[in-house]
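S.K.:
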Amino acid sequence: MVVAVLFGTYRTAGNGRICASWAQSGTGTITGTLSDTQRASIPSATVIVRNIDTGIDRTLTTNDAGIYVAAFLQPGRYEIHASKNGFATVVRQGLNLQVGQTLAIDIELPIKAAQDTVTVTGESPVLDTEKTDTSQVVSQTLVQNLPINGRRWDSFVLLTPGVTNDGGFGLVSYRGISGIYNENSVDGANNNQAFFSEARGRTRIAYVYSMDTIKEFQVSASNYSAEFGQAAGGVVNAVTKSGTNTIHGDLFYYLRYPSLNALDPINKASSITHNLPFTQPVHQQQQFGGSVGGPIIKDKFSIF
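If you're matching positions, the sequence shown starts at 1 in the numbering used here and goes up one per residue.
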């Protein structure tokens with residue numbers, strides 16, 4: 001088990017109200033304001049934030065300004081139930097929370113009439129209005145479907161803007177800054193190799209976290225929040241998979257065999273020049289394994 005201690009701070013919103021701003025290392029936040037049809041805030045309303053995958057609820061109460069904050073949420077699919085006596089219950093569905101993200105979901109509660117519940121679905125994508133950093137999330141879909149040599153999950157940072165190789169031995173550079181000034185965290189815990197101040201396992205097989213355990217990760221090139229310290233370059237903020245109410249898993253087998261590989265162009269040109277037979281360097285690798293996750297007790301205990 002990894003226990004991360006994160007701290008919340010406060011900021012002043014554009015309307016002068018004070019609202020919470022929480023650390024996002026390995027988690028995300030859903031926040032917003034409840035109001036009536038006349039745009040007046042609704043205090044002491046009940047807000048339930050439900051994780052669709054695990055069935056876990058977070059019950060909150062809005063403050064005097066009608067603001068609710070659900071911090072330290074695991075990335076995943078969510079829905080929100082907002083209610084108060086005298087008002088219809090509003091259910092906001094189709095929310096996808098990514099690692100390091102703050103979703104601002106404002107909800108308007110109509111006066112209770114014949115219809116007790118209003119379900120809101122199919123709206124336009126939610127914008128992250130709290131975002132100030134230059135970052136991009138590498139999703140689970142990308143990690144699972146893009147080919148990669150060596151199965152190092154953090155190599156996908158090269159798909160994001162402002163990132164390039166630093167030398168030929170696995171280091172990466174953000175905005176031209178040396179690769180030893182980056183920060184790498186998994187589930188809010190430091191994943192840096194202490195001596196060289198670089199990601200663990202860079203010089204060998206990534207023994208710490210298999211690619212199949214990573215759900216998604218955020219790559220921040222600049223303007224990241226203060227909780228992502230110890231970095232002058234870029235920050236990788238990853239979160240691992242967890243069990244859900246449905247059984248899911250995968251099996252993999254990767255084969256690298258000389259007769260299946262293309263000829264190296266330099267060796268090929270040399271063989272033609274010296275009238276020698278073509279030879280293929282012996283680069284043979286076999287990697288195999290799998291993962292599985294699912295419920296032990298539905299809505300209460302799951303394993304991955």
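Every residue, glycine too, gets a C-beta built ideally from N, C-alpha and C.
DSSP on Phe-156, reduced to helix/strand/coil?
M.R.: Three-state DSSP puts Phe-156 in a helix.
S.K.: Would you decide whether His-81 is buried or exposed? Buried here means 16 or more other CB atoms lie within 10 Å of its CB.
M.R.: buried
S.K.: Determine whether the Cβ of Lys-112 lies closer than 9 angstroms to any Cβ atom of chain B.
M.R.: You won't find chain B in this structure, because it holds only one protein chain.
S.K.: Enumerate, from N- to C-terminal direction, the unbroken beta strand (DSSP E) stretches of 3 or more residues contained entirely within the region 160-196.
M.R.: 163-165, 172-174 and 183-186
S.K.: Which residue comes first and which comes last in the beta strand (DSSP E) that contains Ala-82?
M.R.: Per DSSP, Ala-82 is one residue of the beta strand (DSSP E) stretching across 76-83.
S.K.: Enumerate in chain order the residues of its own chain whose CB-to-CB distance from Ser-222 is below 6 angstroms, with the five nearest sequence positions on each side excluded.
M.R.: Thr-134
S.K.: In this structure, does DSSP put Val-143 in helix, strand or coil?
M.R.: Here Val-143 sits in helix by DSSP.
S.K.: Just mark Gln-84 as buried or exposed, buried being the case when its beta carbon has 16 or more other beta carbons within 10 Å.
M.R.: Strictly speaking, residue 84 in this sequence is Lys, with Gln absent from that position. By the C-beta density criterion, Lys-84 is buried, having at least 16 other C-beta atoms within 10 angstroms.
S.K.: Output the distance between the C-alpha atoms of Gly-294 and Asp-187, rounded to the nearest integer angstrom.
M.R.: 20 angstroms
S.K.: Keeping to the same chain, check which residues put their C-beta closer than 6 angstroms to that of Ser-173; ignore five residues upstream and five downstream.
M.R.: Thr-164, Asp-166 and Gly-179
S.K.: Assign Leu-251 to one of three DSSP states: helix, strand, or coil.
M.R.: In the three-state scheme derived from DSSP, where H, G and I count as helix and E and B as strand, Leu-251 is classed as strand.
S.K.: Going straight from the alpha carbon of Tyr-151 to that of Gly-229, what length do you get?
M.R.: Contrary to the premise, residue 151 reads as Arg rather than Tyr in this sequence. Distance between the alpha carbons of Arg-151 and Gly-229: 27 angstroms.
S.K.: Can you tell me whether Trp-22 is buried or exposed, with buried defined as 16 or more other CB within 10 angstroms of its CB?
M.R.: Low per-residue confidence applies at Trp-22: pLDDT is 44, beneath 50, and the placement is therefore not dependable, though the value from the model is reported in the following sentence. Answer is buried; the Cβ neighbour count reaches 16.
S.K.: Under 8 angstroms: does the beta carbon of Ser-291 sit that close to some heavy atom of the ligand MN?
M.R.: Among the components modelled here there is no ligand, and therefore nothing to report on the ligand MN.
S.K.: What are the start and end residues of each continuous beta strand (DSSP E) run of 3 or more residues lying completely inside the region 248-301, in chain order?
M.R.: 248-256 and 285-297
S.K.: So what does DSSP say about Thr-119, is it helix, strand or coil?
M.R.: strand
S.K.: Closest by CA to Thr-160, which one among Gly-289, Val-219, Asp-299 and Arg-39?
M.R.: Val-219
S.K.: Run through DSSP, which three-state label would Asp-212 get?
M.R.: helix
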